[in-house]
Structure formats: structure tokens, C-alpha cells
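Student: Input: one structure, supplied below.
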Amino acid sequence: MSLKVVIVEDQFIEANNLQIMLEKAGYTVCGLARSVPEALVLIAREKPELALVDIQLSGDSSGIELAQVLNERNIAFIYVSANSNHEVLMQAKATQPYGFIVKPFREKDLLVTLEIALYRHENGLETAVKKEEQLRLGLLSVIQTKDSVQEKMLSIAKALQAFLSFDYLVACTTSATVPTNFMSYLRIGFDEYQYIGMPEFEVITRRTREEIANLEPTHTHDEPRSFFVGEAFEQMLVKHPVRRLIAETFSLASMFLLPMTLSDGSCYYFTFFSRKEDAYSSAQITLLERLSNPLRAAMQDMMETDQQSHHNLDTAAQLAKQKKNEPRLAAAHFEGIIGRSHLLLNVFDNVTHVAPVDTSVLILGESGTGKERLAHCVHELSPRRSQPFVRVNCAALPFNLIESELFGHEKGAFTGAVERRIGKFEKADKGTIFLDEIGEMPPELQAKLLRVLQEKEIDRIGGNDPVKIDVRVVAATNRDLEKEVAAGRFRLDLFYRLNIFPVTLPPLRERRDDIPLLISHFITIYNHKADKAVKGISKKGLNEALNYHWPGNIRELENLVERAVLVCGGDELNRLEIPNYDNHGFIVTEEGGAFKSIDENERDHILEALRKCRGKVWGPDGAAELLGLPPTTLHSKMKRFGIRRNTGS
336 MSLKVVIVED QFIEANNLQI MLEKAGYTVC GLARSVPEAL VLIAREKPEL ALVDIQLSGD
396 SSGIELAQVL NERNIAFIYV SANSNHEVLM QAKATQPYGF IVKPFREKDL LVTLEIALYR
456 HENGLETAVK KEEQLRLGLL SVIQTKDSVQ EKMLSIAKAL QAFLSFDYLV ACTTSATVPT
516 NFMSYLRIGF DEYQYIGMPE FEVITRRTRE EIANLEPTHT HDEPRSFFVG EAFEQMLVKH
576 PVRRLIAETF SLASMFLLPM TLSDGSCYYF TFFSRKEDAY SSAQITLLER LSNPLRAAMQ
636 DMMETDQQSH HNLDTAAQLA KQKKNEPRLA AAHFEGIIGR SHLLLNVFDN VTHVAPVDTS
696 VLILGESGTG KERLAHCVHE LSPRRSQPFV RVNCAALPFN LIESELFGHE KGAFTGAVER
756 RIGKFEKADK GTIFLDEIGE MPPELQAKLL RVLQEKEIDR IGGNDPVKID VRVVAATNRD
816 LEKEVAAGRF RLDLFYRLNI FPVTLPPLRE RRDDIPLLIS HFITIYNHKA DKAVKGISKK
876 GLNEALNYHW PGNIRELENL VERAVLVCGG DELNRLEIPN YDNHGFIVTE EGGAFKSIDE
936 NERDHILEAL RKCRGKVWGP DGAAELLGLP PTTLHSKMKR FGIRRNTGS
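So this is what it looks like as C-alpha cells:
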């Protein structure tokens with residue numbers, strides 16, 4: 336049975352041409368639609384497996400709006416558009432299409448795009464199925480343990496982390512998150528969580544149990560499964576002062592509420608908070624509906640454990656033995672990647688999801704953020720870990736030898752080819768090939784790389800027969816590939832082939848909390864290499880490092896720490912030799928005039944706003960309103976710049 340395709344295109348001639356091409360290639364076109372309403376009727380009746388969607392359609396709705404419905408129904412779709420500018424690409428990207436083809440196009444381009452779309456859809460389903468099975472098994476394992484209530488709740492939280500990524504989780508028996516059977520967990524590392532019961536929560540927030548309860552004196556009606564992001568999150572916090580207190584305390588920016596009805600009719604609530612503003616979506620609601628039975632069983636078992644122990648959830652925390660081991664900087668699977676910022680933990684989460692499958696991975700990030708090290712982690716976490724990991728720097732390969740380097744050549748293929756050469760792809764057979772700086776690859780070679788990814792075979796230069804290969808591709812770039820595609824420097828079909836699972840490494844300036852950890856780590860390394868005994872860095876030197884914008888990211892920081900350790904004559908680094916940085920923490924121009932960095936200007940601006948508002952952050956006449964920022968965003972910036980709320984200093 337051939338694949339069923341629906342075409343949503345308001346130009347009859349173009350829609351007819353598409354139908355002819357598809358049917359010639361063996362696809363079944365189950366209908367044409369000129370508008371979104373027509374398409375919805377057609378899709379409901381025919382239940383296609385793939386849709387070709389024009390962005391500009393007849394009527395009030397566009398293909399972008401139709402894409403949201405297709406995503407909900409798990410139907411793969413490809414955009415067909417006459418416009419490939421950057422703005423359109425960004426709007427299209429937000430709906431997560433399986434391909435994008437620009438008019439006019441050749442029949443071959445269309446068919447290749449369809450093949451890539453099906454490949455991406457199948458791989459996406461495979462990853463989703465494996466994740467769901469992991470969650471189901473994780474929840475069932477909770478039932479089989481004899482752990483305490485607190486430990487079982489932590490196991491449930493860890494199992495849910497892959498689907499509802501959170502930085503702070505509250506579990507209690509009321510949706511208003513008042514102190515009724517209150518447990519919570521703060522994520523402090525890749526697989527590390529700090530338990531916070533009501534006594535600890537009182538200390539952290541500097542409020543008594545009664546004060547917290549009185550924040551929401553009126554009864555709150557039961558709430559459905561729901562999520563709050565962006566403006567909806569801000570509006571929700573106005574209605575729920577306890578949640579606002581939590582958001583302020585831990586710098587949180589979005590929330591997912593998960594109620595769970597147990598067999599006795601009682602309701603238990605999970606409240607997931609994230610520091611990301613767009614962490615949650617409707618897709619997670621659908622997923623949890625499918626997994627409600629194992630989750631309910633795990634919760635039922637936990638509640639029975641609580642009843643048997645004759646202790647409520649607060650006292651269970653005090654009786655559980657607390658582990659007091661020093662926290663690790665990163666999980667064992669991510670050796671050499673130092674940090675505990677929530678942005679880095681999100682990267683770890685993504686890598687653990689994709690590593691076990693053969694899906695292509697595209698690592699994005701500025702130079703010096705550690706893309707190669709992360710690519711190696713993908714390899715080490717995969718079933719291919721015992722096979723070769725081959726690195727290729729696409730920017731460093733000589734233009735006239737790049738094809739030979741990648742695919743190899745036969746003896747006598749060209750002048751100077753005195754023997755057969757095995758290319759990088761063959762060397763990586765059964766393993767992983769890391770294509771670093773993929774954005775630098777010449778356009779002529781991009782087409783050949785696309786064929787390798789599609790056909791899983793290479794042609795040596797001068798060879799007669801193709802060579803089959805089994806290689807997982809991990810690519811990386813510091814370029815904005817969407818802009819490169821829009822400018823015609825990078826193939827759109829290759830971009831979609833590589834961009835199945837993008838992972839973005841944050842720049843160092845966005846994870847400043849990790850700078851002290853990184854400095855300490857590099858001091859340890861270069862103490863050993865230089866036979867030194869440096870114990871740390873001065874407070875002044877650390878403040879300079881925290882205020883610097885780090886254009887070279889971790890690589891620049893490592894180089895400066897290495898130099899500082901080598902020239903240090905004592906047991907403490909006075910400061911790092913940060914370039915163009917004077918003693919007052921200002922960036923110095925070539926003309927010698929000093930001016931503040933962008934970060935310092937922003938800090939001063941926030942301080943001035945707080946002074947004007949007398950330290951008030953939230954609500955009417957608060958600093959957030961004055962600055963035009965969401966209160967959670969302002970709170971995060973204050974924490975990053977070390978601004979104390981009470982004094983505004």
C-alpha cells in the first residue's frame with residue numbers, strides 16, 4: 336500500500352503538478368484542498384500520513400495554523416512556499432515541519448524532501464516510543480522497591496524529568512500548593528536533587544508555615560491538567576501568591592500542573608516549574624494521558640507506603656537518611672563538561688534522549704562552548720561506544736582534497752594518488768562521524784554529503800562500485816544555518832536532514848554561575864601539569880571574570896587560567912589577564928577611553944529602576960513594569976548580576 340498524501344495549495348496548476356509528480360513516484364494523493372477549513376475536512380476523512388502545505392492559502396488561516404493541527408494529530412508535513420526569506424523560515428521552524436521546499440523546484444528535489452520527511456518522522460516516532468517505554472518501566476520500578484515515601488517520590492520525579500523537564504517540583508494534595516503533605520525537589524545537577532520539605536521551605540523563604548498558608552486564604556477549586564508559559568504564567572502568578580513566592584525564590588519562568596486522581600477518589604498534584612519560559616506545551620498533556628495508568632499505580636503505591644509507615648509526608652523527610660556526599664559537577668556520562676546551570680542540564684537531558692538511537696544530531700553554539708566534547712558524549716552514551724569516533728573539521732580541509740579526505744580514493748584516481756586511501760566515512764563505519772563546522776562545507780560537497788546520508792553509501796574517487804557504510808552523523812556549527820539557507824549558502828534539504836535533533840550549547844555569558852566551577856576545575860588541571868599548588872582565585876579576580884562577556888567562551892577561560900597558573904608565584908591567583916579590561920572592570924577602547932560593558936549598563940539600569948520603585952519588583956508600579964520585563968525575567972537578571980532585592984544594591 337502506497338503512502339497517502341494530501342496537498343494543501345490554493346493555486347490549482349501548482350497543486351495539479353504536485354499531484355502528477357507524486358502519483359508518478361508511487362504516492363497516493365487522497366485529495367487537494369485550497370484552504371485550511373477544506374484541509375481539515377479532507378484530513379479527518381482520509382487520515383493521510385503526509386501533507387504538503389503551502390504557507391499562503393485562501394481564506395483567513397495560513398498553513399502555519401494548519402501545521403498546529405497536523406502536529407496534534409501526528410501527521411508529518413512539508414511546507415511548499417514561494418518565499419524563503421529568514422522571517423518565513425523562522426515562522427516555519429517554530430511549527431517543527433519535516434521539510435521545506437521552495438518554489439519553483441525540480442521533481443527530484445520534491446522526492447528527496449519527501450524521503451527526508453519520512454525519515455525524520457519515523458526517527459522521531461522511534462525516539463518517542465523509546466522514551467515512553469523508559470518512563471513506563473521507571474514508574475513500574477518504583478512499585479517494586481521498599482524505599483521511603485520521599486525516596487519513591489524522588490524516583491517518580493526522575494522518571495518524569497525526561498518528559499516534563501523541571502528545575503523545581505512541588506508534590507502535595509492541594510493544587511494551591513499550600514502546606515498540605517508538602518514535598519518538593521530542587522534540581523542541582525544532572526541527576527541530583529535537593530529535597531525541600533516544609534521546614535526547609537520556611538527557612539528558604541523566611542516565612543512561617545502560617546504566613547505561607549495565609550497567602551491564599553480562600554479555597555482554590557480543583558484545577559485541570561494545564562501548563563502556563565509566557566504571559567499566561569505571569570497572569571497565573573497574580574492569582575496564586577504561593578506560586579509567585581516559589582517563582583521569585585527559585586527564578587522560575589513556566590509551570591505545568593499535573594493532577595492525579597487515586598483509587599480512593601483523592602487527588603494528588605504535581606506542580607512542575609522550569610527556568611525556561613517555554614518549557615511546556617499541549618503535547619505533554621497528550622503524552623501523560625497515555626501514561627496515566629503506570630503513573631497512577633506508582634502514586635498509589637507511594638501513598639500506601641505512607642499509610643503503612645504512619646507518618647505524613649513532612650515527617651517522612653526528617654526520618655529519611657540524607658546523603659551528604661559532595662555534589663558532582665556533572666554526571667559520569669558527561670566527563671569533562673563542567674557546570675550545573677539549568678541551561679547546561681537541559682543539554683544533558685536532550686543528549687540522554689537522543690544518544691541511544693541513531694538519529695542525526697546537530698550541535699549548535701558559539702566557538703569555544705565545547706561542541707566536540709558534547710559530540711563525544713553522544714557517542715559514549717550510544718550503542719556504538721565501542722566503535723570508532725572520527726572527527727572531521729570541515730573548515731580545515733583543503734578545498735581540493737576535501738572529497739578525498741571524506742570518501743577516499745583509488746590508486747591512480749588522480750595525479751599523486753599512488754595508493755588507495757580510506758576516507759573518514761569508511762574509518763567511522765559502525766561508529767560515529769563528527770562533522771565539525773559543517774556550515775563551512777562547500778556547496779558542491781553538500782550535495783554529495785546529502786547522498787551519503789540518504790543512500791548510506793559512498794563513492795571513492797576513481798572507484799567503480801559504491802561502498803556501503805553504517806555511520807551515525809553528529810554535526811556542529813557556530814553559524815546560524817537558517818540564515819545560511821536563506822542566503823543560498825547551505826542546502827535546505829541537507830539542513831533538514833541534519834536538523835532532526837538540534838542541541839544548542841549556551842555561551843558562557845549565559846551560564847555565569849558555572850564560572851567559579853570552571854576556574855576551579857582548570858586550576859586543578861594546570862596545577863598538576865605545572866607542578867603548582869594554587870588553591871583558588873581572589874574575590875576581585877573572580878568578580879572580574881563574572882562581569883566579563885567571554886566572547887571566546889570556555890576555551891578563552893581555560894587559556895587565561897592556564898596562563899595565570901603558570902605565572903602565579905603564590906597559592907592564589909590575583910586575577911585573570913582578561914583582555915582590554917582595566918582595574919575598574921570596564922572594557923577599554925583602543926583610544927584609551929573606558930566605557931561600561933553591555934552587562935554593566937544593564938545592571939545599572941536595573942538598579943536605577945529598583946531605586947525608583949523603592950525595591951518593589953512585582954505588581955503595579957514595580958520595577959518589572961517600569962522596565963517592560965516579565966517579573967521572573969527581572970528576578971533572574973537580578974540574581975545573575977548579584978542585585979539584592981531589599982536594598983537595590
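Residues in the sequence shown are numbered from 336 upward in steps of one, following this note's numbering.
All C-beta atoms in this analysis are idealised placements derived from N, C-alpha and C, irrespective of residue type, glycine included.
Only a predicted model underlies this, so the values are computations on that prediction, with no experimental measurement involved.
Is it the case that the Cβ atoms of valine 725 and valine 838 are separated by a distance below 8 Å?
Tutor: Contact flag unset, no.
Student: With 16 other CB atoms within 10 Å as the buried threshold, where does histidine 575 fall?
Tutor: buried
Student: Output yes or no for whether 8 Å exceeds the beta carbon distance between leucine 741 and phenylalanine 760.
Tutor: Yes. Within cutoff.
Student: So is lysine 487 buried or exposed if we call it buried at 16+ other beta carbons inside 10 Å?
Tutor: Around the beta carbon of lysine 487, 16 or more other beta carbons sit within 10 angstroms, so the residue counts as buried.
Student: How big is the Cα-Cα spacing for valine 573 and alanine 730?
Tutor: 51 Å
Student: Within 10 Å of its beta-carbon, does histidine 863 have 16 or more other beta-carbons around it, so buried, or fewer, so exposed?
Tutor: exposed
Student: Taking the Cβ atom as the reference point for each residue, do tyrosine 362 and leucine 338 lie within a distance shorter than 8 Å?
Tutor: yes
Student: What did DSSP end up calling glutamate 379 once you bin it into helix, strand or coil?
Tutor: Looking at the sequence shown, residue 379 is not glutamate but alanine. The answer is helix: DSSP assigns alanine 379 an H, G or I state.
Student: Pop quiz: aspartate 805 and aspartate 866 are said to be a contact at Cβ under 8 Å. What is the actual Cβ separation, rounded to whole angstroms?
Tutor: 46 Å between Cβ atoms; not a contact.
Student: Expressed to the nearest angstrom, what Euclidean distance is found between the alpha-carbon atoms of leucine 449 and leucine 587?
Tutor: 40 Å
Student: Which residues mark the beginning and the end of the alpha helix (DSSP H) in which methionine 595 is found?
Tutor: From DSSP, methionine 595 is part of no alpha helix (DSSP H) but of the beta strand (DSSP E) over 589-596.
Student: Closest by CA to threonine 767, which one among Pro559, Ile342, His711 and Val415?
Tutor: His711
Student: How long is the line joining the alpha carbons of threonine 508 and tyrosine 603, rounded to whole angstroms?
Tutor: 5 Å
Student: Is DSSP giving arginine 846 helix, strand or coil here?
Tutor: coil
Student: Hey, histidine 714 and arginine 708: beta-carbon distance below 8 Å or not?
Tutor: no
Student: Taking contact to mean 3 or more Cβ pairs, one atom from each stretch, closer than 8 Å, check whether the stretch 576-586 and the stretch 961-972 are in contact.
Tutor: yes
Student: Alpha carbon to alpha carbon, how far is leucine 843 from alanine 548? Give it in angstroms, no decimals.
Tutor: 40 Å
Student: Excluding sequence positions up to five away, which residues of its chain have a Cβ less than 8 Å from the Cβ of leucine 593?
Tutor: Leu499, Arg560, Tyr604, Phe605, Thr606, Phe607 and Leu623
Student: Using alpha carbons as the reference points, say which of Val686, Asp444 and Asn882 lies closest to phenylalanine 836.
Tutor: Val686
Student: Any chance the stretch 337-355 sits against the stretch 376-390, with 3 or more Cβ pairs inside 8 Å?
Tutor: By the Cβ rule, the stretch 337-355 counts as touching the stretch 376-390, because three or more pairs are nearer than 8 Å.
Student: Starting from phenylalanine 683, trace the alpha helix (DSSP H) both ways and give me its first and last residue.
Tutor: 677-689
Student: Are valine 477 and serine 490 close, meaning C-beta to C-beta below 8 Å?
Tutor: yes
Student: Could you compute how far the alpha carbon of glutamate 897 sits from the alpha carbon of alanine 567?
Tutor: When rounded, the distance between both Cα atoms is 47 Å.
Student: Helix, strand or coil for serine 971? Go by DSSP, reduced to three states.
Tutor: helix
Student: Can you list, in chain order, the stretches of the beta strand (DSSP E) that have 3 or more residues and sit fully within the stretch 475-543?
Tutor: 503-507, 518-524 and 527-532
Student: Leaving out five residues before and five after proline 662 in sequence, what residues of the same chain have Cβ atoms less than 8 Å from its Cβ?
Tutor: Residue confidence is low: proline 662 scores 39 on pLDDT, short of 50, so the model does not pin down where it sits. No coordinate-derived value is stated.
Student: Note down the Cα distance separating phenylalanine 921 from leucine 911, rounded to an integer number of angstroms.
Tutor: Legend: pLDDT at phenylalanine 921 = 45, less than 50; position of this residue unreliable, value from coordinates given subsequently. About 14 Å.
Student: Mind checking valine 727: buried by the 16 CB within 10 Å criterion, or exposed?
Tutor: buried
Student: Taking a contact to mean a Cβ-Cβ separation below 8 Å, would you say tyrosine 680 touches proline 841 in this structure?
Tutor: Inspection of the sequence shows that residue 680 is occupied by leucine rather than by tyrosine. Their beta carbons are not under 8 Å apart, which means leucine 680 does not touch proline 841 by this criterion.
Student: In this structure, does DSSP put glycine 928 in helix, strand or coil?
Tutor: Its pLDDT being 45, under 50, glycine 928 is placed unreliably in this model, and the value from its coordinates should be taken loosely. For glycine 928, the three-state secondary structure derived from DSSP is coil.
Student: Below 7 Å CB to CB, which residues in the same chain sit around threonine 596 once its five sequence neighbours on both sides are set aside?
Tutor: Taken in chain order, the residues that qualify are Cys602.
Student: Can you list, in chain order, the residues of its chain whose CB lies under 6 Å from that of histidine 919, leaving out five sequence neighbours each side?
Tutor: In this prediction, histidine 919 scores a pLDDT of 43, lower than 50, which makes its location untrustworthy; no coordinate-derived value is stated.
Student: Could you tell me whether the Cβ of glycine 703 comes closer than 8 Å to any Cβ of chain B?
Tutor: The structure shown contains no chain B; it is built from a single protein chain.
Student: Report the three-state DSSP secondary structure of valine 753 (helix, strand or coil).
Tutor: In this structure, valine 753 counts as coil in the three-state DSSP scheme.
Student: Quick check on tyrosine 911: does DSSP put it in helix, strand or coil?
Tutor: This sequence places leucine at residue 911; tyrosine is not what is there. Looking at leucine 911 - three-state DSSP - the assignment turns out to be coil, as it is neither helix nor strand.
Student: Might you give, ordered along the chain, the residues of its own chain that have their beta carbon closer than 7 Å to the beta carbon of aspartate 848, omitting 5 neighbours on each side?
Tutor: Ser676
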